[in-house]
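Heads up, the thing below is written out as structure tokens.
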Amino acid sequence: MHAISYRKASIGVCSDPSNSLGGCRVRKLSFYHRERNRRRRKCYTDFLTDDFDVKTYTAQAIHHAVITEQLARLAQGISQLDKELHSQVPADPPHLLTGVLQMMQTRISALQAAVDRIRTKIVDPYNKIVARNTQLARLQLEASDLRSTRPPTARIHATHPGTGPFLLGVSPGFIQRVLGYTHMKTRTHSPTTF
């Protein structure tokens, strides 16, 4: 019997038990198989060129009105690539995992760098705003305390000779507490009466 399976013929192996070499021999592929392999390669060569442009490829497919044929070729190419991927993954899993892990580490480091840039652009100004809001809250609290303890005329500004206006009854540590400064030199004023 000279039965040749489709799979064996596609890879070029012929089963011929009457062969004088004692079994199988390799023969050239038939024209049909060579043409099919050439079409498969051509399916990928369009996409592998350096100057491949999606818009040009699509425009040519629409212009020649062979959209269904092009879609069929693309679907066939995708299925062949899927088959190749499924055959490659079990063949060398440690190498593939190492590549994926390296890619993930690279992306994680890029993400960490982006987070650091965001931190310098957002967190530092935010901390300054929080500090200023704290100072403002302290100032408002002290001002409300002063308003509640002094009669309206006593809390008005008085003029000290040579220094300009100042608040009456302000303790030397008032500004230090409100603004949070400890290194500020305080000047003692003797309040003048009206």
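Counted the way UniProt numbering counts, the sequence shown spans residues 1 to 194.
Quick reminder that beta carbons are idealized off the backbone N, C-alpha and C, glycines included.
| query | With distances taken between CB atoms, is the gap from residue 205 to L81 smaller than 8 Å? | reply | With the chain covering only 1 through 194, there is no way to say anything about residue 205.
| field | Residue interval of the alpha helix (DSSP H) (run including H64) | value | Counting along the chain, H64 falls outside any alpha helix (DSSP H), and DSSP gives it neither H nor E.
| Cβ of A59 within 8 Å of Cβ of Q70? | It is not a contact, given that the beta carbons lie outside the stated cut-off.
| said: Quick check on the burial criterion: 16 or more other C-beta atoms within 10 angstroms. Buried or exposed for R27? | reply: With a pLDDT of 44 at R27, under the threshold of 50, the modelled position of that residue is not reliable, and the figure given next carries that caveat. Classification for R27: exposed.
| said: So, with DSSP's three-state summary, where would you put T45? | reply: Reduced to three states, the DSSP call for T45 is helix.
| query | Mapping DSSP to helix, strand and coil, what is D92? | reply | Three-state result, D92: coil.
| said: Between the alpha carbons of N133 and S148, how many angstroms are there, rounded? | reply: In this structure, the CA atom of N133 is about 22 Å from the CA atom of S148.
| query | Hey, how far is the Cα of M104 from the Cα of P125? | reply | About 32 Å.
| task | Would you identify the three-state DSSP class for D116, choosing helix, strand or coil? | result | DSSP, reduced to helix, strand and coil, places D116 within a helical segment of the structure shown.
| field | Backbone secondary structure at D50 - three-state DSSP | value | Correct three-state label for D50: coil.
| said: Rounded to whole angstroms, what is the Cα-Cα separation between T45 and E84? | reply: So the two alpha carbons sit approximately 17 Å from each other.
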